[in-house]
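Undergrad: Chains A and B, in that order, give the protein sequences.
Here the numbering used here is used: the first residue of the first sequence is 1, the next is one more, and so on.
Here the numbering used here is used: the first residue of the second sequence is 1001, the next is one more, and so on.
Each residue gets a CB set at the ideal place from its N, CA and C atoms; glycine is no exception.
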Amino acid sequence: MTAGAQREPAAAAPLERHELEGATLLAAQRDERWARRALVQTYQGRVHALVWRLLAGAGRRDQVEDLVQDAFLRVFRALPRFAPEGPARLSTWILSIATRAVIDELRRRRAVVMPVDDDLPGGERPDLHHEQRAVARAIAAAVASLSPEVRAAFVLRAYHDLDYAEIAQTLEVGLGTVKSRLWRARAALQEHLHELHEEIR
Amino acid sequence: MTTPEDEDREDAPAMPGRELLDAWTVPEPGADLTDRVLQHMEASLASETVVSMQERRRGGVGLALVGIAMVAAAALVLSLVQLWSAGPGQREAPAVAAPIVVRIPYPVAVPTPVEAVPVAVEPPTVEAPPTVEEPPVEAPPTVERPRKVEATSERPQRSRDLKNPFAFFGSDKHRDPAKSKPREPAGTATLRIRTGASYSPATVYLDGKAIGTTPIVKTKVPAGLHTVEWAWPDGEWAKSTVTLEAGETQVLEGLPSDLKNPYR
Chain A
1 MTAGAQREPA
11 AAAPLERHEL
21 EGATLLAAQR
31 DERWARRALV
41 QTYQGRVHAL
51 VWRLLAGAGR
61 RDQVEDLVQD
71 AFLRVFRALP
81 RFAPEGPARL
91 STWILSIATR
101 AVIDELRRRR
111 AVVMPVDDDL
121 PGGERPDLHH
131 EQRAVARAIA
141 AAVASLSPEV
151 RAAFVLRAYH
161 DLDYAEIAQT
171 LEVGLGTVKS
181 RLWRARAALQ
191 EHLHELHEEI
201 R
Chain B
1001 MTTPEDEDRE
1011 DAPAMPGREL
1021 LDAWTVPEPG
1031 ADLTDRVLQH
1041 MEASLASETV
1051 VSMQERRRGG
1061 VGLALVGIAM
1071 VAAAALVLSL
1081 VQLWSAGPGQ
1091 REAPAVAAPI
1101 VVRIPYPVAV
1111 PTPVEAVPVA
1121 VEPPTVEAPP
1131 TVEEPPVEAP
1141 PTVERPRKVE
1151 ATSERPQRSR
1161 DLKNPFAFFG
1171 SDKHRDPAKS
1181 KPREPAGTAT
1191 LRIRTGASYS
1201 PATVYLDGKA
1211 IGTTPIVKTK
1221 VPAGLHTVEW
1231 AWPDGEWAKS
1241 TVTLEAGETQ
1251 VLEGLPSDLK
1261 NPYR
C-alpha cells in the first residue's frame, strides 16, 4: 500500500455518480408516481449501502431495509422543498437525510449494532478470499467501535465521496468537527488493521 | 476532495487504501426493495393525510365553539348595556292596552317583555283572572293576558334595581363590581407529550413556549385550544393542535412531519 493510495482513497472510489434528470425530479416533486419510482430506483443502491455500512455491517436485512424505507419516506416528505438549482446534488441531499435517519436509530437503539463475530457478516460473500474477508471484518469492527456521528463522517467520506464541506452540511457541524471525526475514524481503522496485520504475520 | 491540511499532515493517521476499503462489500438489496419503499411511503403519507384532516376538523369545531361563545357574550353585554342605560322612568313598563306576556318557565337573561300584535293572538283558552298564576310546570309557553303591567312584577325583586346591571343576577357579590372577586379559571386539563417510538427526544413548545424535552409526563394546561410543537435537534419538526376539556387528559405523540432542508 503506497502512501499516495492511503492519502486519497475517496478520489479512487468506484462510486455511481448518476443523478436523476431534472424533468424527472420536477415530476417527483409534483408527486407523480412514475417519477417517484425512478427516484427510488436511482438512489436506493446508494442509500442501502450507506445504511448497511452505518450499521457497521451488523444490521439484519430487515433492519437495513426498514431504515431505507424510513429514509425515503423522509426524502419524499421534504422533496417539494429541495432546490434543484441549489448547491447540493440530489444524491448528497438524499444521503444526508438517510444519514440522519440512521443516526437517529443508532442513538435510539444502540442494540441494533451487534459485535461482529467470526461468522460471515451480512456483507461478506463466500467467494471472497480469506484475507479479504479478514480485512472486511477489521473495517467493520473499527466502524462499530465508533460513535454514530464519527462513523457517518467516515462512511460518507470513504464510500460516498462527499467532501468535507458536504459532510459538514450533512451532519450540521463545523468543518473542524468533521476533520476531527475523520481523524478518529482513521485512527481506529489503522489500529484494527494493524492488529490484523500482526495476526497474519 | 482531499484536504491537504488534514489528511496530508505528517502525523495524521492514514486512511486505508481503496483496495482495503473495497474489501468491505455490501450485500445486494432485495429485488423488490423499490416496491416496498413505494408502498411504505404511500401508506405512511396516506395515514398522515387522514390525521391531518382529523386535526383540521377538530380545529374547525373548536373555532365554531369559540364563535358561538363570542356571540353569546356579545348578546349578554348588549342586554346589560340596555338595562344600564334605561332611565328610572323608563324602567316602568308602559301601560299597554293588551300586552301579551309570554312567560317561559325558566329564567331568561333579557327581562323586557315580549310585545306582540294583539290581533294576531288567539284568546287564552283558560279564563284566567289576572291575579291567578298558572302552575309553573305547565306545557311551555303559557300565554296569559295580565290586566296591568304588573304582570312583569313576577320578575324577581332584584330586577328592580336596574341601576346596577349586576343586580340582575341577584348575587350580592355581583352587585358591587368593586367587591367582586376575579373569576375562577375555566378549568385545567392534563397533557402528556412524548415522541414517536422510533425517534429521539425532542424539545416541546406549548403555545409557542418551550416547556421541556420529551417525554413530558404531565403538564397542566388551561382547558381550551392549544398548539404543541416538537423540534428535533436535526431540524425535524412536528405540530399538533388539541382542544382540551376541563379535567381531560390527552396523550400526544410527536412524529416528524417535516424536514428542514439543510441547503436553504
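CA-CA distance, residue 1199 of chain B and residue 1236 of chain B?
TA: 10 Å
Undergrad: Counting only Cβ-Cβ distances shorter than 8 Å, please list the residues of the segment 1026–1049 of chain B near chain A, keeping chain order.
TA: 1026, 1027, 1029, 1030, 1033, 1034, 1036, 1037, 1038, 1040, 1041, 1044, 1045
Undergrad: What are the boundary residues of the alpha helix (DSSP H) that includes residue 91 of chain A?
TA: 90–108
Undergrad: Does the contact criterion of 3 or more C-beta pairs under 8 Å hold for the segment 153–160 of chain A versus the segment 182–193 of chain A?
TA: yes
Undergrad: Is the segment 1024–1031 of chain B close to the segment 39–57 of chain A, with three or more CB pairs under 8 Å?
TA: yes
Undergrad: Got a sec, what are the start and stop residues for the beta strand (DSSP E) residue 1242 of chain B sits in?
TA: 1237–1244
Undergrad: Let me know the secondary structure DSSP gives residue 148 of chain A once reduced to three states.
TA: helix
Undergrad: Could you have a look at residue 43 of chain A and say whether DSSP puts it in helix, strand or coil?
TA: For residue 43 of chain A, the secondary structure class from DSSP, reduced to helix, strand or coil, is helix.
Undergrad: Residue 1254 of chain B lies in the alpha helix (DSSP H); which residues open and close that run?
TA: Careful: residue 1254 of chain B lies outside any alpha helix (DSSP H), inside the beta strand (DSSP E) at 1249–1254.
Undergrad: Count Cβ pairs between the segment 191–200 of chain A and the segment 130–150 of chain A that sit closer than 8 Å; are there 3 or more?
TA: Contact between the segment 191–200 of chain A and the segment 130–150 of chain A is present: three or more C-beta pairs spanning the two stretches fall below 8 Å.
Undergrad: Mind listing the chain B neighbours of residue 48 of chain A? Cutoff is C-beta to C-beta under 8 Å, in chain order.
TA: 1026, 1029, 1033
Undergrad: Rounded to whole angstroms, what's the CA-CA distance from residue 1188 of chain B to residue 1245 of chain B? Just pull it up for me.
TA: 8 Å
Undergrad: Taking C-beta pairs closer than 7 Å, name the residues in chain B that residue 173 of chain A reaches, listed in chain order.
TA: In chain order: nothing, as chain B lies at least about 11 Å away.
Undergrad: So, residue 1225 of chain B versus residue 1238 of chain B, is the Cβ gap smaller than 8 Å?
TA: no
Undergrad: Residue 87 of chain A: buried (16+ other C-beta within 10 angstroms of its C-beta) or exposed?
TA: exposed
Undergrad: Contact between the segment 21–33 of chain A and the segment 62–74 of chain A is defined here as three or more beta-carbon pairs at a separation below 8 Å; is this criterion met?
TA: no
Undergrad: Name the residue from A:65, A:64, A:173, A:96 whose alpha carbon lies nearest to the alpha carbon of residue 79 of chain A.
TA: A:96
Undergrad: In the segment 49–87 of chain A, which residue ranges form an unbroken alpha helix (DSSP H) of at least 4 residues, counting only runs that do not cross its ends?
TA: Taking 4 residues as the minimum length, the alpha helix (DSSP H) runs contained wholly in the segment 49–87 of chain A are 61–78, in order along the chain.
Undergrad: Secondary structure at residue 1099 of chain B, three-state DSSP: helix, strand or coil?
TA: Caution applies to residue 1099 of chain B, whose pLDDT of 49 falls short of 50 and renders its modelled position unreliable; the value that the coordinates give is listed next. Residue 1099 of chain B falls in the coil class under three-state DSSP.
Undergrad: Taking the C-alpha atoms as reference points, what is the distance between residue 104 of chain A and residue 1063 of chain B?
TA: 37 Å
Undergrad: If we cut at 8 Å on Cβ distances, does residue 183 of chain A have a partner in chain B?
TA: yes
Undergrad: Could you give the C-beta distance for residue 144 of chain A and residue 23 of chain A, rounded to a whole number, given that I count them as a contact under 8 Å?
TA: Rounded to whole angstroms, the Cβ separation of residue 144 of chain A and residue 23 of chain A is 42 Å, and the two are not in contact under 8 Å.
Undergrad: Let me know if residue 192 of chain A comes out buried or exposed under the rule of 16 or more other beta-carbons within 10 Å of its beta-carbon.
TA: buried
Undergrad: Do residue 175 of chain A and residue 1044 of chain B count as a contact pair if the criterion is CB distance below 8 Å?
TA: no
Undergrad: Residues in the same chain with beta-carbon distance under 6 Å from residue 1034 of chain B, minus the five sequence neighbours each way, listed in chain order, please.
TA: none
Undergrad: With distances taken from CA atoms, which of B:1041, B:1079, B:1196 is nearest residue 108 of chain A?
TA: For the residues B:1041, B:1079, B:1196, the minimum Cα distance to residue 108 of chain A belongs to B:1196.
Undergrad: Suppose you measure from the CA of residue 1059 of chain B to the CA of residue 1065 of chain B; what does that come to, to the nearest Å?
TA: Their Cα atoms are separated by approximately 10 Å.
Undergrad: At a Cβ cut of 7 Å, what residues of the segment 1217–1250 of chain B count as close to chain C, listed as they run along the chain?
TA: Looking at the structure shown, chain C is missing, and the protein chains on hand are A and B.
Undergrad: Kindly indicate the opening and closing residues of the beta strand (DSSP E) around residue 1229 of chain B.
TA: 1224–1231 is the span of the beta strand (DSSP E), which, as asked, contains residue 1229 of chain B.
Undergrad: What's the C-alpha gap between residue 1206 of chain B and residue 1221 of chain B?
TA: 9 Å
Undergrad: Which chain B residues are close to residue 29 of chain A, counting only those with a beta carbon under 8 Å from its beta carbon?
TA: By Cβ distance, chain B contributes nothing, its closest Cβ being about 12 Å from residue 29 of chain A, past 8 Å.
Undergrad: At the level of alpha carbons, what is the spacing between residue 1232 of chain B and residue 98 of chain A?
TA: 16 Å
Undergrad: Where does the unbroken beta strand (DSSP E) through residue 1194 of chain B begin, and where does it stop?
TA: Start and end: 1188–1195.
Undergrad: Would you mind telling me which residues of chain A sit closer than 9 Å to residue 1202 of chain B, beta carbon to beta carbon, in chain order?
TA: Here the premise fails: no neighbours, minimum Cβ distance about 11 Å.
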